[in-house]
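Take a look at the structure set out below.
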Amino acid sequence: MLDFISDALLSTDARARITYMNCAAEALTGCSRQDAIGRRLQDIFRVIDAKTRKERGDLARQAMDTDRVVGLDSTALLITRDGHELAIDDAATPLHDGTGKVRGALVRFSDSRYSIETTARMTYLAQHDALTGLLNRHAFAERFEQAAASTQRHRKKMVVLFIDLDNFKNVNDTLGHSCGDALLKSLSHKLLDCLRVTDHICRYGGDEFVVLVSDLDQHEQASMVFEKLHQAIAEPFRLAGHEISLQFSIGTSLYPDDGETLEALLPHADAAMYRMKASHKQGGLTQPCLLDPRFTG
1143 MLDFISDALL
1153 STDARARITY
1163 MNCAAEALTG
1173 CSRQDAIGRR
1183 LQDIFRVIDA
1193 KTRKERGDLA
1203 RQAMDTDRVV
1213 GLDSTALLIT
1223 RDGHELAIDD
1233 AATPLHDGTG
1243 KVRGALVRFS
1253 DSRYSIETTA
1263 RMTYLAQHDA
1273 LTGLLNRHAF
1283 AERFEQAAAS
1293 TQRHRKKMVV
1303 LFIDLDNFKN
1313 VNDTLGHSCG
1323 DALLKSLSHK
1333 LLDCLRVTDH
1343 ICRYGGDEFV
1353 VLVSDLDQHE
1363 QASMVFEKLH
1373 QAIAEPFRLA
1383 GHEISLQFSI
1393 GTSLYPDDGE
1403 TLEALLPHAD
1413 AAMYRMKASH
1423 KQGGLTQPCL
1433 LDPRFTG
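When the letters of the sequence shown are read in order and numbered with my numbering, they come out as residues 1143 to 1439.
Given below as structure tokens:
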């Protein structure tokens, strides 16, 4: 079991001589367990301080002498058998026999580069939609709070746009879900290209998107973003040999006129979006319009 975990493990006896190492420890140190067992830990697990370039003390001995877990800090570098330097983290833990006497130590370490990459990846996935890469609801709500605070300080305006694709289900039904996923990805990239650095967008639902247009001095700025979004969605998509034209509706709400929280603004934008849907069915809306007298030209 220990050979299949990603962390490197070394165990020692009371003299700090290696008694075991797993496959990950072999890979990181560059030394086989046959060569390592019976040798001093410092011969195999040679660690220096990245700043001072001085060798660190015997981690296992420190754990045994203090009878507590001893950790490495972020400046620890492992010198591998072929002379390479590897940034590592983790710690040494004292091992006890049945009477409670310290009989050795367990050293656990890992390549900190992978730890950093894993942490960054987990942070990204916690804030973004896995399919499109757009912000998820939670991260979008945080961006809204930040933008709202800035808007209040500088006495500006913000607009929330609710976008709904009217016929997306037909794409999945006729061309398959893989094509539908590809269409959502392509659309997401297009929508991102329409936004300014101060704007944010999230995938709110399966075929629903919410856009926050912030840092507004004039209503015309929101209208320009709206026009870009409208044109981006209206332009036919070419996927898997098919040309796909999307029908869609967009509704808006204005901060702080229609509400001061995202929970208050979204129903207004949703209602405006359904008014646009109704006008589509009646054939009364042929040009993009924000359906709000404050934003009509």
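Ideal Cβ placement from N, Cα and C applies to all residues, glycine included.
Inset, instruction - Starting from the Cα of Ala1411, find the closest Cα among Leu1396, Asn1164, Leu1317, Thr1293 and give me that residue. - result: Leu1396
Inset, instruction - Could you pull the start and end residues of the beta strand (DSSP E) that Cys1088 belongs to? - result: Past the edges of the chain, shown from 1143 to 1439, lies residue 1088, and the structure says nothing about it.
Inset, instruction - Would you mind giving the Cβ-Cβ distance between Thr1293 and Ser1330, rounded to the nearest angstrom? I have them listed as a contact below 8 Å. - result: So it is not a contact: roughly 25 Å between Cβ atoms.
Inset, instruction - Figure out for me which residue from Asp1335, Ser1356, Met1300, Gly1322 has the closest Cα to the Cα of Asn1309. - result: Gly1322
Legend entry - Three-state class that DSSP yields for Lys1193 in the structure shown: coil
Inset, instruction - Note down, in chain order, each residue of its chain lying with its Cβ closer than 6 Å to the Cβ of Tyr1346, except the 5 sequence neighbours on either side. - result: Val1352
Legend entry - Of the residues Ala1205, Arg1195, Glu1405, the one placed nearest Leu1219, counting alpha carbons only: Arg1195
Inset, instruction - On a CA-only basis, which of Leu1325, Asp1400, Gly1401 is nearest Ala1374? Give me that one, please. - result: Leu1325
Inset, instruction - Please say whether Asp1207 and Arg1198 have beta carbons closer to each other than 8 Å? - result: no
Legend entry - Contact check, Leu1183 vs Leu1228, beta carbons under 8 Å: no
Inset, instruction - Could you check the C-alpha separation between Ser1320 and Ser1328 for me, to the nearest Å? - result: 12 Å
Inset, instruction - Find out if the Cβ-Cβ distance for the pair Ala1150, Ala1167 is shorter than 8 Å. - result: yes
Inset, instruction - Tell me the start and end of each unbroken beta strand (DSSP E) in the segment 1159-1191 that is at least 3 residues and wholly inside, in chain order. - result: 1160-1163, 1188-1191
Inset, instruction - Just mark Ser1365 as buried or exposed, buried being the case when its beta carbon has 16 or more other beta carbons within 10 Å. - result: buried
Legend entry - Selected residue, minimal CA-CA separation from Met1163, among Ala1376, Ala1247, Leu1354: Ala1247
Inset, instruction - Give the straight-line distance between the Cα atoms of Leu1427 and Thr1265, rounded to the nearest whole angstrom. - result: In this predicted model, Leu1427 has a pLDDT of only 38, less than 50, meaning its place in the structure is not dependable; the value taken from the coordinates is given anyway. One C-alpha to the other measures close to 42 Å.
Legend entry - Host alpha helix (DSSP H) of Lys1311 (start-end): 1310-1317
Inset, instruction - Starting from Arg1285, follow the alpha helix (DSSP H) in both directions and report where the run begins and ends. - result: 1279-1296
Inset, instruction - Just tell me which of Pro1236, Leu1277, Leu1307, Lys1298 has its CA closest to the CA of Leu1334. - result: Leu1277
Legend entry - Beta-bridge pairing of Ile1386 - partner residues as DSSP gives them: Phe1379
Inset, instruction - Can you grab the Cα-Cα spacing for the pair Arg1203 / Asp1185, in whole Å? - result: 14 Å
Inset, instruction - For Arg1486, collect the residues of the same chain with a Cβ closer than 8 Å to its Cβ; drop the 5 residues on either side in sequence, then sort them by chain order. - result: The shown model of the chain, from 1143 to 1439, leaves out residue 1486, and the question about it has no answer.
Legend entry - Phe1187 and Thr1171 closer than 8 Å at C-beta: yes
Inset, instruction - Would you tell me roughly how many angstroms separate the C-alpha atoms of Met1143 and His1296, rounded to the nearest one? - result: 59 Å
Inset, instruction - Please confirm whether Phe1251 and Ile1230 have their CB atoms less than 8 Å apart. - result: yes
Legend entry - First through last residue of the beta strand (DSSP E) which encompasses Met1300: 1299-1307
Inset, instruction - Using a threshold of 8 Å, state whether the C-beta atoms of Thr1403 and Val1302 are closer than that. - result: no
Inset, instruction - Quick one: measure Cβ to Cβ for Lys1299 and Cys1336, integer angstroms, because I've assumed they're closer than 8 Å. - result: Not a contact, Cβ separation roughly 19 Å.
Inset, instruction - Please report how far the alpha carbon of Thr1154 lies from the alpha carbon of Val1249, in whole angstroms. - result: 8 Å
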